[in-house]
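Peer 1:
2 protein chains.
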Amino acid sequence: MTYTVKEFAQMFHTTEHTIRYYTDINLLPCKRDEGNRRIFDEAAANWMRGITYLRNCGMPVKDIKKYFDLCQLEESEENLLARYQIIARQREAAHKKAAEAKATADYMDFKLKHYEEILAGHIPDDTNPANWPD
Amino acid sequence: MTYTVKEFAQMFHTTEHTIRYYTDINLLPCKRDEGNRRIFDEAAANWMRGITYLRNCGMPVKDIKKYFDLCQLEESEENLLARYQIIARQREAAHKKAAEAKATADYMDFKLKHYEEILAGHIPDDTNPANWPD
DNA sequence: GTATTGACTTCGAGTTACACGAAGCAAGTA
DNA sequence: TACTTGCTTCGTGTAACTCGAAGTCAATAC
Numbered sequence: 000m001t002y003t004v005k006e007f008a009q010m011f012h013t014t015e016h017t018i019r020y021y022t023d024i025n026l027l028p029c030k031r032d033e034g035n036r037r038i039f040d041e042a043a044a045n046w047m048r049g050i051t052y053l054r055n056c057g058m059p060v061k062d063i064k065k066y067f068d069l070c071q072l073e074e075s076e077e078n079l080l081a082r083y084q085i086i087a088r089q090r091e092a093a094h095k096k097a098a099e100a101k102a103t104a105d106y107m108d109f110k111l112k113h114y115e116e117i118l119a120g121h122i123p124d125d126t127n128p129a130n131w132p133d
Numbered sequence: 000m001t002y003t004v005k006e007f008a009q010m011f012h013t014t015e016h017t018i019r020y021y022t023d024i025n026l027l028p029c030k031r032d033e034g035n036r037r038i039f040d041e042a043a044a045n046w047m048r049g050i051t052y053l054r055n056c057g058m059p060v061k062d063i064k065k066y067f068d069l070c071q072l073e074e075s076e077e078n079l080l081a082r083y084q085i086i087a088r089q090r091e092a093a094h095k096k097a098a099e100a101k102a103t104a105d106y107m108d109f110k111l112k113h114y115e116e117i118l119a120g121h122i123p124d125d126t127n128p129a130n131w132p133d
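Here the protein sequences come in this chain order: A and B.
Once you know that position 65 of the first sequence is 64 in numbering that gives the first Met the number 0, the rest is easy, because the numbers rise by one and skip nothing.
Once you know that position 28 of the second sequence is 27 in numbering that gives the first Met the number 0, the rest is easy, because the numbers rise by one and skip nothing.
Next up, the structure:
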């Protein structure tokens, strides 16, 4: 099973621009068909999945590239440990982000309810941000 | 109670650069002392809290500015409804982000455990991203 | 058989949201 | 008096896209 740029972008909920950008900077490997068009296979999809998760951790593309370079080096205890530490750090970052995102979602729930109260006429419109609660 | 740029940045876990940037683009209001230095008060802190949450929703600073402009306009049913809809949309975005961040954190947990298994010698090193599981 | 359409290509410039560093001023300390 | 600290402005740099122009190529429309 192979995919075009368009299909690949849809699979990962991103844009064709981004996919091309990743291939151009050699972050995402791809082959070409007779017409020089990019084609992606399952292996590329696995790379892309990894990229997506690491980007969601907030990891810069340059660092992801370095990590993938490590993954493709000959295996050694040192190399393995280095990769382990990278993943451990990114796991930490991911949990931090998740907690922050949860707090934001909770606050927005509160905020929306507040607006609904105002709209229902139960409380006055006090939405000027200078008056927002702590 | 008033705050300097440095204090304000620390309060919101950001950088002085960012605080100055926000004041420069008139997103965050601030006064000046006799020495022309920025000073922030509780009202500014409330603004900044709002900015922080809305940024965490993924809202662009330009849109946040527009929202704050609405907040400071004369009150009307139309205005109120417009603000309500903005907040509703951002609440949606926040929940989406939170779910995504949770999924990422879960995946990174799995990934780290996988590495720990490898380090413990229970399974071989199969970390080449081309072999990552679906 | 030509024309048009659609999907891809490259390449260079633009955008957002900061990040950084130089150079300057003002107050406090050695 | 010199130095340090902490701010100031201003202008450039950066990351990760994002967009648009211009070209290629194959398939369908007339």
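Glycine included, each C-beta is placed from N, C-alpha and C at the ideal position.
Source: prediction; values computed, not measured.
1) Can you confirm whether residue 116(B), when its beta carbon is compared against all beta carbons of chain A, has any partner nearer than 7 angstroms?
2) Whole-angstrom Cβ separation of residue 53(A) and residue 89(A), contact assumed at under 8 angstroms?
3) Tell me whether residue 67(B) sits in a helix, a strand or coil according to DSSP, three-state version.
4) CB residue 61(A) to CB residue 26(A), shorter than 7 angstroms?
5) What residues from chain A crowd round residue 36(B), counting only those whose CB sits closer than 9 angstroms?
6) Between which two residues does the alpha helix (DSSP H) harbouring residue 48(B) extend?
7) Does the beta carbon of residue 55(B) come closer than 7 angstroms to any beta carbon on chain A?
8) Where does residue 117(B) sit, in a helix, a strand or coil, going by DSSP?
9) Have a look at 12(B), 9(B), 10(B) and 37(B) and flag the residue whose alpha-carbon is nearest the alpha-carbon of residue 19(B).
10) Could you pull the DSSP bridge partners for residue 30(B) from this structure?
11) Closest to residue 123(B) by C-alpha separation, out of 79(A), 95(A) and 115(A), would be which residue?
12) Spatial neighbours of residue 43(A) within its chain, please: C-beta separation below 7 angstroms, excluding the five flanking residues on both sides.
13) If we cut at 7 angstroms on Cβ distances, does residue 74(B) have a partner in chain A?
14) Is it the case that the Cβ atoms of residue 103(B) and residue 55(A) are separated by a distance below 7 angstroms?
15) Run through chain A and tell me which residues come within less than 7 angstroms of residue 124(B), C-beta to C-beta.
16) Given a cut-off of 7 angstroms on the beta-carbon distance, is the pair residue 83(B) and residue 114(A) in contact?
Peer 2: On the basis of the coordinates in this document:
1) no
2) Confirmed, Cβ separation roughly 6 angstroms.
3) Helix at residue 67(B).
4) no
5) Here the premise fails: no neighbours, minimum Cβ distance about 21 angstroms.
6) 41-55
7) yes
8) helix
9) 37(B)
10) DSSP, once it has assigned bridges, lists 38(B) as partnering residue 30(B).
11) 79(A)
12) 27, 28 and 29
13) yes
14) yes
15) 74 and 79
16) yes
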